[in-house]
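Asks: Letter by letter, the sequence shown follows residues 35 to 229 in this note's numbering.
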Amino acid sequence: DMGHGYRPRPAELETYLTEVLDAVTCPVVISTHQSVGYRYPVELLTSMVDRYEHVIGVNITSPDIGYLAAAIEAVDGAVDVHVGGPMHALTALGLGAQGFLSSEGNIAPQLCAALIVAHASGRPDDVSASFTRVMRLFRATQAAGGIVGTKAALRHLGAAGGWPRSPRLTSDEAKVDALVEVIVDLDLVSSEGLD
């Protein structure tokens, strides 16, 4: 973050990415997220994918579906594309992406994977059923404070959840209890643990 709401110029974004990608050889996924107030130009994403063999994916978290569609089309299957959040999962899959990123995967990894498997297997009824359950869980995690609520619910259920980093505070106990109720109601908890 360059501070003060500054939006880096395309040349600055390219300089940053090339410095990082020139310095590492491990597989890399380039992420662009709406929270920083700017995104990588599609042409820059394509350039990095074409130039660096160790770029294996692109993660896009943006409400701009046109941007998502343009990026998926531009990388043309050369790397996997995932969208941030389950709310755009079906749109992303329909456009040719391979999946979605979601903190709900910490609570229900099998459920999140089932959505992708059902889509890849061409089972629309299973896609719909899985997506409905994922979105119910998503709404409950958001009501509990997002990742802060997710961490608290995981701790409550005896799973590794960790604690929010300062300055974030823990979620309201009543909201966490409501999230845990949804997790139980969705049958995501068994005697062996979550999902």
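We put the beta carbon where it would ideally sit given N, CA and C, even for glycine.
1) Report the rounded CA-to-CA distance for threonine 66 versus valine 92, giving the unit in angstroms.
2) How would you label glutamate 138, buried or exposed, when you count the other beta carbons within 10 angstroms and need 16 or more for buried?
3) Threonine 80 to glycine 71, Cα distance in whole Å?
4) Using only the alpha-carbon positions, how far apart do leucine 222 and serine 69 sit?
5) Figure out for me which residue from Ala187, Cys146, Ala212, Gly180 has the closest Cα to the Cα of arginine 202.
6) Out of Ser164, Arg173, Thr52, which has the shortest C-alpha to C-alpha gap to arginine 85?
7) Based on the DSSP secondary-structure assignment, which residues constitute the bridge partners of asparagine 140?
8) Less than 8 Å between the CB atoms is what I'm expecting for glycine 192 and lysine 185, so what's the real figure, rounded?
9) Quick check: what's the CA-CA separation for tryptophan 197 versus alanine 208?
10) Are alanine 105 and valine 62 closer than 8 Å when you measure CB to CB?
11) For glycine 91, report the span of its beta strand (DSSP E) as first-last.
12) Consult DSSP for aspartate 114 and reduce its assignment to one of helix, strand or coil.
13) Is serine 210 near glycine 183, with beta carbons less than 8 Å apart?
14) Using three-state DSSP, classify valine 224 as helix, strand or coil.
15) Please classify threonine 166: is it buried, with 16 or more other beta-carbons within 10 angstroms of its beta-carbon, or exposed?
16) Can you name the start and end residues of the beta strand (DSSP E) that glycine 133 belongs to?
Replies: According to the structure data:
1) 8 Å
2) buried
3) 21 Å
4) 30 Å
5) Gly180
6) Thr52
7) Paired residue(s): none; asparagine 140 is not in a bridge.
8) With a Cβ gap of about 13 Å, glycine 192 and lysine 185 do not count as contacting.
9) 17 Å
10) no
11) 89–95
12) strand
13) A quick correction: the sequence has valine, not serine, at residue 210. A contact, by the Cβ cut-off of 8 Å.
14) Before going further, note that residue 224 is serine rather than valine in the sequence given. Reduced to three states, the DSSP call for serine 224 is strand.
15) exposed
16) 133–135
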